[in-house]
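S.K.: Sharing a structure, written as structure tokens. Questions coming.
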Amino acid sequence: MTADRPLLDIKGLTVQFPSPNGFLTVVDDVSFSVGRNDIVCIVGESGSGKSVTTQAAVGLVQPKGGRVTAGSAMFDGQELIGASNRTLNRIRGNDIGFIFQEPMSSLNPAYTVGEQIAEVVRRHRGASRKEAWATAVQALDRVHIASAATRAEAYPHQFSGGMRQRVMIAMAIACGPKLLIADEPTTALDVTIQARILEVLKELQQELGMSVLFITHDLGVVAEIARSVVVMYGAQVVESAPAAQLFAAPRHPYTRGLLEAMPQVALERGHDPIAIPGTVAQAHAWPKGCRFNPRCIYRQDGPCTTGSMPLTAEGAGLLRCAVRPDLSQGVGAL
Ligand SMILES: Nc1ncnc2c1ncn2[C@@H]1O[C@H](COP(=O)(O)OP(=O)(O)OP(=O)(O)O)[C@@H](O)[C@H]1O
Ligand SMILES: [Mg+2]
38 MTADRPLLDI
48 KGLTVQFPSP
58 NGFLTVVDDV
68 SFSVGRNDIV
78 CIVGESGSGK
88 SVTTQAAVGL
98 VQPKGGRVTA
108 GSAMFDGQEL
118 IGASNRTLNR
128 IRGNDIGFIF
138 QEPMSSLNPA
148 YTVGEQIAEV
158 VRRHRGASRK
168 EAWATAVQAL
178 DRVHIASAAT
188 RAEAYPHQFS
198 GGMRQRVMIA
208 MAIACGPKLL
218 IADEPTTALD
228 VTIQARILEV
238 LKELQQELGM
248 SVLFITHDLG
258 VVAEIARSVV
268 VMYGAQVVES
278 APAAQLFAAP
288 RHPYTRGLLE
298 AMPQVALERG
308 HDPIAIPGTV
318 AQAHAWPKGC
328 RFNPRCIYRQ
338 DGPCTTGSMP
348 LTAEGAGLLR
358 CAVRPDLSQG
368 VGAL
């Protein structure tokens with residue numbers, strides 16, 4: 038029974054933040070799910086609501102002044118929206134591990150990495166010092182930090198950027214989470230190191246049988262790692278689909294635009310990446326109808342520019358588009 042149930046099921050999640058002009062909706066009716074042993078990527082340009090969606094699901098927007106005005110986030114059968122701080126604290130760190138985009142969870146320069154990971158294990162698992170240290174070393178070993186027992190005694194500044202990111206992953210997986218939420222974990226790294234980190238994440242996902250919810254604005258990264266993809270634009274999901282389907286036959290003009298902006302795709306086709314024209318829609322002035330319509334070459338006045346655009350079933354995925362242009366010619370390269 039539980040095996041059929043998604044591990045994380047987000048439905049209609051809506052989040053607002055205060056602004057000088059009142060509350061703005063920065064996550065609007067977002068729905069998607071993450072299965073067991075699954076790797077789901079959320080992709081979209083900066084400000085589309087990727088981080089806030091996942092933070093809201095685990096109770097991390099209220100401390101920043103945000104509020105969840107609608108929706109549900111069921112994790113392993115338990116509702117997280119409105120759950121007590123005690124419950125959320127227990128789930129975060131134990132069942133859900135995080136690697137954050139923001140440096141808020143970055144490493145403390147004053148303690149060795151082993152001490153910091155062991156502290157997390159002690160706090161969440163109630164392990165003894167000795168057990169917690171052994172778990173920390175094991176976690177560092179899992180992310181392929183050589184001589185883990187010795188390196189556990191080193192301080193964060195003694196690691197390179199890529200190695201520090203491995204330490205962050207080790208900390209996030211040390212308690213054996215069912216779900217790892219990784220928010221742009223490789224964005225600051227160069228391409229070769231990024232590729233190694235993605236390999237480590239894929240390997241861990243299989244070894245530990247956990248699921249990964251991976252946030253990125255880079256479709257190249259999505260192609261490397263995702264089983265299914267959620268594309269966000271203007272606080273909404275505009276398309277979601279199994280990764281193979283999304284890359285072979287994108288349905289939303291925005292998804293297509295993201296693909297054509299990829300350097301890998303442009304290189305294969307022998308031209309420069311094609312940037313999506315115009316600027317990203319903003320929460321204080323969402324366009325009427327489809328929020329992408331001012332930037333869309335397929336826009337039709339009327340269907341695309343009035344009312345609000347529903348998200349409807351499309352093959353094995355979901356699509357928010359009135360025109361549904363024929364984009365069936367695959368983008369290739371991937
Ligand atoms: N603490 C906050 N207070 C007010 N507004 C916020 C806060 N955090 C995020 N927002 C707003 O919510 C919207 C969505 O932000 P979010 O961080 O989820 O974007 P994102 O898709 O993760 O972008 P990026 O790729 O830059 O990380 C943005 O318009 C942002 O300005
Ligand atoms: Mg973000």
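If you're matching positions, the sequence shown starts at 38 in the numbering used here and goes up one per residue.
Glycine included, every Cβ here is placed at the ideal spot set by N, Cα and C.
Quick check on this structure: which residue in His254, Gly84, Ala107 and Val158 has the alpha carbon closest to the alpha carbon of Lys48?
M.R.: Mapped onto the sequence shown, residue 48 falls at position 11. For the residues His254, Gly84, Ala107 and Val158, the minimum Cα distance to Lys48 belongs to Ala107.
S.K.: If you measure from the CB of Ser27, is any heavy atom of ligand 2 nearer than 6 Å?
M.R.: Any property of residue 27 remains undetermined from this structure, which presents the chain solely from 38 to 371.
S.K.: Taking the CB atoms as reference points, tell me whether Gly271 and Ala312 lie closer together than 7 Å.
M.R.: As a working mapping, residue 271 is identified with position 234 in the sequence shown. As a working mapping, residue 312 is identified with position 275 in the sequence shown. No, Cβ-Cβ distance for Gly271 and Ala312 is not below 7 Å.
S.K.: Could you tell me which whole beta strand (DSSP E) segments of length 3 or greater appear in the region 181-233?
M.R.: Listed in chain order, the complete beta strand (DSSP E) runs (minimum 3 residues) inside the region 181-233 are 216-220.
S.K.: My guess is that Leu61 and Gln53 are in contact by the Cβ rule of under 8 Å, so how many angstroms apart are they, rounded?
M.R.: Position 24 of the sequence shown holds residue 61. Position 16 of the sequence shown holds residue 53. With a Cβ gap of about 6 Å, Leu61 and Gln53 count as contacting.
S.K.: Throw me the rounded Cβ distance for the Ser345 and Val77 pair, which I believe falls under 8 Å.
M.R.: Taking the first residue of the sequence shown as 1, we reach residue 345 at position 308. Taking the first residue of the sequence shown as 1, we reach residue 77 at position 40. With 8 Å as the limit, Ser345 and Val77 do not qualify as a contact, their Cβ atoms being about 25 Å apart.
S.K.: Thinking Phe329 and Pro290 are a contact (beta carbons under 8 Å), I'd like their distance in whole angstroms, please.
M.R.: Position 292 of the sequence shown holds residue 329. Position 253 of the sequence shown holds residue 290. The Cβ separation is near 7 Å, so the contact holds.
S.K.: For Arg129, which of helix, strand or coil comes out of DSSP?
M.R.: Sequence index remark: in the sequence shown, residue 129 carries index 92 (1-based). If DSSP states are grouped into helix, strand and coil, Arg129 belongs with the helices.
S.K.: Look at the Cβ atom of Ala209, then the Cβ atom of Gly134, and state whether they are nearer than 7 Å.
M.R.: As a first step, residue 209 must be located in the sequence shown, where it is residue number 172. As a first step, residue 134 must be located in the sequence shown, where it is residue number 97. For Ala209 and Gly134, yes; Cβs fall inside 7 Å.
S.K.: Using the Cβ count rule (16 or more neighbours within 10 Å means buried), how would you classify Val228?
M.R.: Numbered from 1 along the sequence shown, position 191 holds the residue referred to as residue 228. That one is exposed.
S.K.: Going straight from the alpha carbon of Ala232 to that of Ala211, what length do you get?
M.R.: The residue you call residue 232 lines up with position 195 of the sequence shown. The residue you call residue 211 lines up with position 174 of the sequence shown. Going by the C-alpha atoms only, they are around 22 Å apart.
S.K.: Relative to the C-alpha of Arg336, which residue among Cys358, His321 and Ser85 is closest?
M.R.: Within the sequence shown, numbered from 1, the residue matching residue 336 stands at position 299. Residue Cys358 is the option with its Cα nearest to Arg336.
S.K.: Taking only the alpha-carbon atoms, compute the straight-line gap between Arg129 and Gly103 and give it to the nearest angstrom.
M.R.: The residue labelled residue 129 in the question sits at position 92 within the sequence shown. The residue labelled residue 103 in the question sits at position 66 within the sequence shown. Going by the C-alpha atoms only, they are around 19 Å apart.
S.K.: How many angstroms separate the CA atom of Glu116 from the CA atom of Leu348?
M.R.: Translated into the one-based positions of the sequence shown, residue 116 becomes position 79. Translated into the one-based positions of the sequence shown, residue 348 becomes position 311. The alpha-carbon atoms of Glu116 and Leu348 are separated by roughly 23 Å.
S.K.: Can you tell me whether Ala164 is helix, strand or coil according to DSSP?
M.R.: Taking the sequence shown and counting its residues from 1, one reaches residue 164 at position 127. In this structure, Ala164 counts as coil in the three-state DSSP scheme.
S.K.: Going by DSSP in three states, Arg104 sits in which element: helix, strand or coil?
M.R.: By 1-based counting over the sequence shown, the position of residue 104 is 67. Correct three-state label for Arg104: strand.
S.K.: Just the Cα atoms here: how many angstroms apart are Pro193 and Ala185?
M.R.: Start at 1 with the first residue of the sequence shown, and residue 193 comes out as number 156. Start at 1 with the first residue of the sequence shown, and residue 185 comes out as number 148. When rounded, the distance between both Cα atoms is 14 Å.
S.K.: Any heavy atom of ligand 3 inside 6 Å of the beta-carbon of Val249?
M.R.: Ligand 3 is absent from the structure shown, which contains only ligand 1 and ligand 2.
S.K.: Rounded to the nearest angstrom, what separates Asp255 and Val174 at their Cα positions?
M.R.: As a working mapping, residue 255 is identified with position 218 in the sequence shown. As a working mapping, residue 174 is identified with position 137 in the sequence shown. Going from the Cα of Asp255 to the Cα of Val174 covers about 32 Å.
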